[in-house]
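Visitor:
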Amino acid sequence: MTDTPPDRLSTNPRSPHFDMEVLQRGIGIRFKGNERTDVEEYSISEGWIRVAAGKSKDRFGQPMTIKLSGEVEAWFEDVAAASGDGADGEG
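Take the sequence shown: its position 3, counted from the start at 1, is 14 in the working numbering, and no numbers get skipped.
(1) Tell me where the alpha helix (DSSP H) around E57 begins and ends.
(2) Pull up the CB-CB distance for E84 and R47, whole angstroms please, since I reckon it's below 8 Å.
(3) Starting from E32 and walking both ways along the beta strand (DSSP E), at which residues does that stretch end?
(4) By the DSSP assignment, the beta strand (DSSP E) with K43 in it spans what residues?
(5) Does S56 pass the burial test, meaning 16 or more other C-beta atoms within 10 Å, or should it be called exposed?
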(Lines of atoms letter the chains of each structure in order from A and count residues from 1; the text may use other names and numbers.)
(Lines give C-alpha, C1' and ligand atoms only; values in the text may rest on other atoms or scores of the structure.)
Protein backbone atom coordinates (compact mmCIF):
# COMPACT_ATOMS: atom_id res chain seq x y z
CA MET A 1 0.00 0.00 0.00
CA THR A 2 1.17 3.52 -0.74
CA ASP A 3 1.82 6.23 1.87
CA THR A 4 -0.28 8.75 -0.04
CA PRO A 5 -3.97 8.87 0.92
CA PRO A 6 -6.59 8.77 -1.85
CA ASP A 7 -7.69 12.01 -3.51
CA ARG A 8 -11.27 11.44 -2.38
CA LEU A 9 -12.57 9.38 0.54
CA SER A 10 -15.85 8.97 2.40
CA THR A 11 -16.75 7.44 5.77
CA ASN A 12 -20.24 6.51 4.53
CA PRO A 13 -20.46 2.83 3.46
CA ARG A 14 -23.10 3.76 0.85
CA SER A 15 -20.65 6.03 -0.99
CA PRO A 16 -18.64 4.81 -4.00
CA HIS A 17 -15.62 6.54 -2.39
CA PHE A 18 -15.78 4.41 0.78
CA ASP A 19 -12.71 2.21 1.45
CA MET A 20 -12.57 0.35 4.78
CA GLU A 21 -8.91 -0.67 4.43
CA VAL A 22 -7.82 2.95 4.01
CA LEU A 23 -10.02 4.16 6.88
CA GLN A 24 -8.60 1.51 9.23
CA ARG A 25 -5.12 2.99 8.71
CA GLY A 26 -6.40 6.32 10.01
CA ILE A 27 -6.63 9.49 7.96
CA GLY A 28 -5.68 12.91 9.28
CA ILE A 29 -7.30 15.94 7.63
CA ARG A 30 -6.14 19.55 7.73
CA PHE A 31 -8.65 22.05 6.32
CA LYS A 32 -7.59 25.69 5.88
CA GLY A 33 -4.65 25.07 8.22
CA ASN A 34 -6.69 23.49 11.08
CA GLU A 35 -6.84 19.78 11.90
CA ARG A 36 -10.38 18.42 11.67
CA THR A 37 -11.72 15.21 13.18
CA ASP A 38 -15.35 15.61 12.07
CA VAL A 39 -14.88 15.15 8.31
CA GLU A 40 -17.37 12.80 6.64
CA GLU A 41 -15.92 13.06 3.12
CA TYR A 42 -13.14 15.01 1.41
CA SER A 43 -11.67 15.75 -2.01
CA ILE A 44 -8.13 17.12 -2.20
CA SER A 45 -8.15 17.98 -5.93
CA GLU A 46 -11.53 19.74 -5.79
CA GLY A 47 -10.70 21.45 -2.47
CA TRP A 48 -13.68 20.61 -0.25
CA ILE A 49 -14.79 18.63 2.79
CA ARG A 50 -18.20 17.52 4.03
CA VAL A 51 -19.05 17.76 7.72
CA ALA A 52 -22.21 16.92 9.66
CA ALA A 53 -24.72 19.77 10.02
CA GLY A 54 -25.47 19.42 13.71
CA LYS A 55 -27.68 16.50 14.69
CA SER A 56 -30.09 16.78 11.77
CA LYS A 57 -30.83 13.68 9.69
CA ASP A 58 -32.21 13.19 6.20
CA ARG A 59 -35.27 11.05 5.48
CA PHE A 60 -33.08 7.92 5.30
CA GLY A 61 -31.57 8.52 8.76
CA GLN A 62 -28.21 9.66 7.39
CA PRO A 63 -26.62 12.81 8.86
CA MET A 64 -27.15 16.00 6.87
CA THR A 65 -23.84 17.41 5.68
CA ILE A 66 -22.44 20.78 4.67
CA LYS A 67 -19.85 21.15 1.93
CA LEU A 68 -17.03 23.54 2.87
CA SER A 69 -14.53 24.77 0.28
CA GLY A 70 -10.86 25.48 0.94
CA GLU A 71 -7.38 23.97 1.01
CA VAL A 72 -7.43 20.29 2.05
CA GLU A 73 -4.45 18.20 3.18
CA ALA A 74 -4.64 14.51 4.08
CA TRP A 75 -2.16 12.04 5.56
CA PHE A 76 -2.11 8.55 7.01
CA GLU A 77 -1.96 8.67 10.80
CA ASP A 78 -0.22 5.29 11.11
CA VAL A 79 2.71 6.61 9.03
CA ALA A 80 2.98 9.78 11.15
CA ALA A 81 2.98 7.71 14.37
CA ALA A 82 5.59 5.27 13.04
CA SER A 83 7.96 8.02 11.88
CA GLY A 84 8.51 9.26 15.44
CA ASP A 85 8.53 12.91 14.44
CA GLY A 86 8.44 14.05 18.08
CA ALA A 87 5.25 16.06 17.64
CA ASP A 88 3.63 14.47 20.70
CA GLY A 89 4.33 17.51 22.90
CA GLU A 90 6.94 15.92 25.15
CA GLY A 91 10.01 17.84 26.09
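Every residue gets a Cβ at the ideal spot worked out from N, C-alpha and C, and that includes glycine.
Since we're looking at a predicted model, the values are computed, not measured.
Guide: The relevant details are as follows:
(1) Looking at the DSSP string, E57 is not in any alpha helix (DSSP H), and its letter there is neither H nor E.
(2) Going by Cβ atoms, the distance from E84 to R47 rounds to 10 Å, so no, they are not a contact pair.
(3) E32 -> not in any beta strand (DSSP E); alpha helix (DSSP H) instead, spanning M31 to R36.
(4) Where K43 is concerned, there is no enclosing beta strand (DSSP E), given that its DSSP letter is neither H nor E.
(5) exposed
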